[in-house]
């Protein structure tokens with residue numbers, strides 16, 4: 001076990017004591033305070049061979065360099081530390097929200113790139129934590145392999161998406177046709193190459209470490225890449241399916257914090273001591289109302305409501321269509337007790353608003369579990385934030401931890417309740433079949449359509 | 001740090017284990033044992049599981065030959081078992097695959113528990129099994145919907161389950177996730193996250209493979225039998241060649257493997273694959289896709305064999321013609337595919353074995369478990385199969401069959417009328433362009 005003892009013996013930068021308080025720590029944010037995590041130091045290190053002999057080996061995040069821009073610091077130099085942090089967080093929040101609006105304005109392609117960028121950054125953050133926990137910076141092979149696996153999995157997923165949505169574009173180019181047809185085989189071959197490289201790179205004294213990093217990479221890929229892929233699929237369904245869920249989660253974060261700040265009393269869960277039941281429930285109701293209103297406002301515009309399509313003539317993405325029934329005002333008769341309150345018989349709503357209630361409910365009730373998961377993760381590995389990218393807020397992953405399950409839920413929701421299979425994909429698969437099979441299907445379809453009255457038997461086209 | 005030193009102890013096998021150092025355990029696990037420090041208590045793990053009968057029968061022979069015999073007898077027993085199961089049919093095969101999957105999962109999770117001393121977190125055992133159940137439910141639900149389409153449409157509860165299948169699976173998984181978050185105990189965060197990660201990686205490895213194996217099985221039993229037999233043959237042949245001719249070591253990870261064994265095994269496996277596919281392609285029960293017959297309520301393997309399984313003439317290239325003095329040879333096209341399968345089994349399959357060896361060395365265990373006397377755990381037997389199932393599935397999907405026509409019809413029927421009309425018209429114009437659809441046919 002000599003090598004393991006060696007590895008465990010690296011001195012840590014800050015020792016086991018409390019690291020210097022971060023800029024944003026005193027602010028009433030969602031960050032866990034340092035004091036609670038210190039108590040677990042001597043007990044948690046019993047477990048996990050690689051987790052160090054003493055907690056001193058788990059490097060506390062080195063004192064986070066203050067990334068706040070100079071200009072802000074000068075402007076706020078007058079205020080006390082607590083209010084200064086509050087202002088920084090507030091300003092950064094507004095900056096992020098405006099950036100979000102800007103990207104929405106710029107269109108779906110930019111949004112796709114943004115999602116891809118966020119995914120890569122989240123992956124990078126989590127992998128870096130893994131390196132720090134396992135002191136595995138000295139295994140350069142592994143960094144290459146992790147990024148290679150990220151590339152492979154992304155290639156696989158984006159290849160599947162591209163094949164579906166860009167069917168017309170793809171049919172034109174010969175090389176793309178080949179790539180699409182054998183896509184799975186090519187992706188598998190690429191993955192296999194990475195797997196074999198991993199096996200060949202196993203070094204005698206570092207087996208366990210390498211296996212840990214391998215598993216860490218795969219779980220991270222599972223978390224970040226599948227989510228981002230599902231986000232893109234939701235986006236293609238219509239930008240509203242991307243905007244409303246994400247805004248609901250953000251709104252839930254903010255309103256739960258505000259309610260907790262003003263009315264908070266009963267703690268919610270031991271994992272996050274700053275969260276309270278009042279915040280949770282208040283956040284739930286405000287998010288449902290917010291989702292309702294946001295859905296109402298966005299449902300009017302074709303830009304948000306129509307599925308994103310790629311038009312080969314214009315060579316760009318267009319969102320133009322006849323809005324589906326979900327996005328047409330309908331009259332609903334109010335149940336009696338609401339009738340008495342509102343003194344109206346019916347109300348006209350978009351059906352999508354009903355769906356938005358489901359989405360907001362999920363965002364408020366289950367979304368926070370993603371946040372608790374990330375909190376638990378941070379406590380387990382004794383880090384305060386995933387990274388330092390955003391001053392006052394931590395890393396990208398800190399902002400997106402609650403979104404984690406939302407994307408999957410929206411995707412599953414859409415496929416189960418909203419739309420059926422993708423028509424262009426069905427068509428593409430039809431065209432690949434054998435001629436006899438195509439003929440058989442053609443006859444079956446014809447009979448079916450005539451039965452349903454969709455196709456007139458006398459119509460000869 | 002007494003706990004750490006004690007823990008390291010448990011995984012090492014005592015030297016007087018029946019798997020002695022000179023033994024034909026191909027991975028050369030023993031080399032790693034010697035590098036560990038002397039540890040106090042030998043693990044109770046390696047109990048001699050060999051049945052008493054065998055023990056008595058072989059009591060006269062020396063230890064080395066006794067082990068050889070035990071392994072040999074068990075190998076034959078497993079192969080005979082394999083044949084029996086094939087005879088019993090696809091349903092039994094499916095169940096065996098499922099059991100093997102559960103046992104592999106159990107073995108790997110148990111290793112995780114041993115490594116992390118997490119038996120005292122009873123919640124976690126429940127959660128691991130719950131996640132296994134969820135993921136299996138999701139995968140089997142998808143398969144069942146595809147292959148048992150008519151059966152499912154008939155029964156009302158099944159129809160609802162299949163229509164909202166993804167949503168239900170996701171809800172089940174979410175419940176498990178929330179339970180995990182709620183079960184986080186203050187002093188055990190890291191441990192719990194490790195076990196969570198361990199469980200998910202194990203699921204990724206074990207359940208996806210077994211699911212793909214079942215997919216291959218449904219394609220035709222030959223797609224299940226030939227790959228698995230090729231991997232087994234490669235194991236045995238490589239060992240034999242290595243035993244008789246082995247000299248140059250192959251990889252530091254498994255010192256007992258040699259280049260001679262590797263290459264000899266490769267050629268032997270390709271030849272074996274060719275012969276085996278020739279023999280099997282003649283029988284309908286192996287070659288036909290497994291279908292569920294609604295009337296008889298059972299699985300049937302009855303069909304007109306596809307082109308792959310009909311003898312065709314191939315011209316032998318000039319170089320071999322002079323050797324064999326034949327102009328043409330009659331082969332099944334499937335035999336050509338079997339060459340690809342055997343090549344993969346011999347060249348890449350062993351990487352699965354190296355991966356498992358590295359894993360065992362990393363966690364200082366000799367075998368995954370003690371289920372099979374002389375061989376170790378189920379996972380030890382299936383480590384080389386690991387990538388084979390995925391490869392066969394990808395191979396079939398890319399080169400053999402196209403999309404499933406009945407599934408397409410099923411998807412078509414769920415579309416909106418205007419989409420259906422659009423697809424119908426596009427298909428019609430496509431067929432007319434290709435000349436497949438003539439106006440005469442159109443009027444039928």
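Chains as they are written, first to last, in full-length UniProt numbering: chain A, 1 to 461; chain B, 1 to 444. Think of the CB as a built atom: it goes at the ideal place given N, C-alpha and C, for glycine as much as any other residue. Everything numeric in this text was worked out from a predicted model, so none of it was measured.
Using DSSP's beta-bridge definition, name the partner residues of residue 330 of chain B.
B:313, per the DSSP bridge assignment.
Beta-carbon spacing of residue 152 of chain A, residue 212 of chain A below 7 Å
The Cβ atoms of residue 152 of chain A and residue 212 of chain A do not sit closer than 7 Å to each other.
Pick from A:250, A:317, A:454, A:397: whose alpha carbon is nearest that of residue 291 of chain A?
The shortest C-alpha separation from residue 291 of chain A is found at A:250.
For residue 178 of chain B, which residues in chain E fall below 8 Å Cβ to Cβ?
No chain E appears in this structure, whose protein chains are A and B.
Residues that residue 402 of chain A contacts on chain B, provided the C-beta gap is smaller than 8 Å:
Within chain B, no residue comes near residue 402 of chain A; the closest Cβ sits about 12 Å away, beyond 8 Å.
Leaving out five residues on either side along the sequence, give the residues of the same chain with a beta carbon under 8 Å from the beta carbon of residue 302 of chain A.
The answer, listed in chain order, is 319, 320, 321, 323.
Is the Cβ-Cβ distance between residue 288 of chain B and residue 279 of chain B less than 7 Å?
Contact: no.
In chain A, which residues lie with their C-beta within 7 Å of the C-beta of residue 181 of chain B?
Result: 369, 372, 373, 376.
Residue 213 of chain B to residue 139 of chain B, Cα distance in whole Å?
Computed Cα separation, rounded: 12 Å.
Less than 7 Å between the beta carbons of residue 393 of chain A and residue 116 of chain A, yes or no?
Not closer than 7 Å, so no.
Minimum C-alpha distance to residue 356 of chain B - residue among B:430, B:206, B:395, B:272
The shortest Cα separation from residue 356 of chain B among B:430, B:206, B:395, B:272 belongs to B:206.
The ligand FMN heavy atom lying under 6 Å from the CB of residue 431 of chain A:
Inclusion of the ligand FMN in the displayed structure is not the case, the ligand content being empty and no account of it being possible.
Run through chain A and tell me which residues come within less than 9 Å of residue 312 of chain B, C-beta to C-beta.
For residue 312 of chain B, there are no C-beta contacts with chain A under 9 Å, since the nearest C-beta of that chain is about 18 Å from it.
Interface partners of residue 355 of chain B on chain A, CB under 7 Å:
Going along chain A in sequence order, the residues near residue 355 of chain B (Cβ under 7 Å) are 199.
According to the Cβ coordinates, are residue 197 of chain B and residue 230 of chain B closer than 7 Å?
The criterion of a C-beta distance shorter than 7 Å is not satisfied by residue 197 of chain B and residue 230 of chain B.
By Cβ distance, which residues of its chain are closer than 7 Å to residue 44 of chain A, with the 5 residues on each side in sequence left out?
Confidence at residue 44 of chain A is low in this model, with a pLDDT of 31, below 50, so its placement is unreliable and the value that follows should be read with caution. Excluding positions up to five away in sequence, the list is empty.
Beta-carbon proximity of residue 304 of chain A to residue 279 of chain A, cut-off 7 Å
Cβ atoms of residue 304 of chain A and residue 279 of chain A: not closer than 7 Å.
Under 7 Å between the Cβ atoms of residue 363 of chain A and residue 401 of chain A?
Against a cut-off of 7 Å, the Cβ pair of residue 401 of chain A and residue 363 of chain A comes out as no contact.
Consult DSSP for residue 133 of chain B and reduce its assignment to one of helix, strand or coil.
Three-state DSSP puts residue 133 of chain B in a helix.
Taking only three categories from DSSP, how would you classify residue 87 of chain B?
Correct three-state label for residue 87 of chain B: helix.
Between which two residues does the beta strand (DSSP E) holding residue 415 of chain B run?
Unbroken run through residue 415 of chain B: none, as it is neither H nor E.
What does DSSP give as the partner residue(s) for residue 376 of chain B in the beta ladder?
Residue 376 of chain B pairs with B:372.
Assumed close pair residue 345 of chain B, residue 227 of chain B - CB separation to whole angstroms, cut-off 8 Å:
Contact between residue 345 of chain B and residue 227 of chain B holds: their C-beta atoms lie close to 7 Å from each other, under 8 Å.
Own chain residues within Cβ distance below 8 Å of residue 223 of chain B, not counting five before or after:
The residues are 216, 217, 392, 396.
Just the Cα atoms here: how many angstroms apart are residue 253 of chain B and residue 202 of chain A?
Distance from the CA atom of residue 253 of chain B to the CA atom of residue 202 of chain A, rounded to whole angstroms, is 8 Å.
Of the residues A:237, A:418, A:123, A:415, the one placed nearest residue 306 of chain A, counting alpha carbons only:
Minimum Cα distance to residue 306 of chain A is reached at A:237.
Establish whether the CB of residue 435 of chain A and some CB of chain B are separated by less than 7 Å.
Yes, because at least one Cβ of chain B sits closer than 7 Å to the Cβ of residue 435 of chain A.
Rounding to the nearest angstrom, what Cα-Cα distance links residue 436 of chain B and residue 312 of chain B in this structure?
Rounded to the nearest angstrom, the two C-alpha atoms are 26 Å apart.
Is there contact between the segment 397-413 of chain A and the segment 227-234 of chain A, where contact requires at least three CB pairs shorter than 8 Å?
Yes, the segment 397-413 of chain A touches the segment 227-234 of chain A.
Which same chain residues end up closer than 7 Å to residue 295 of chain A when comparing Cβ atoms and leaving out the 5 residues on each side of it in sequence?
Here residue 295 of chain A has 244, 350, 352, 353, 356 as same chain residues with Cβ atoms under 7 Å from its own Cβ, once five neighbours each way along the sequence are excluded.
Could you give the first and the last residue of the continuous beta strand (DSSP E) run that contains residue 300 of chain B?
Unbroken beta strand (DSSP E) run through residue 300 of chain B: 298-300.
Nearest-angstrom Cα separation, counted from residue 256 of chain A out to residue 162 of chain B:
For residue 162 of chain B and residue 256 of chain A, the distance between alpha carbons rounds to 37 Å.
Got a sec, what are the start and stop residues for the beta strand (DSSP E) residue 365 of chain B sits in?
Careful: residue 365 of chain B lies outside any beta strand (DSSP E) and carries neither H nor E.
Determine, using beta-carbon pairs with one atom in the segment 178-195 of chain A and one in the segment 141-161 of chain A, whether at least three such pairs fall under 8 Å.
The segment 178-195 of chain A vs the segment 141-161 of chain A: in contact.
Anyone know if the C-beta pair for residue 347 of chain A and residue 365 of chain A falls short of 7 Å?
If you check the CB distance, residue 347 of chain A and residue 365 of chain A do not come in under 7 Å.
Check whether the segment 359-377 of chain B and the segment 105-117 of chain B touch, using three or more Cβ-Cβ pairs below 8 Å as the test.
Because the criterion of three Cβ pairs below 8 Å is met, the segment 359-377 of chain B and the segment 105-117 of chain B touch.
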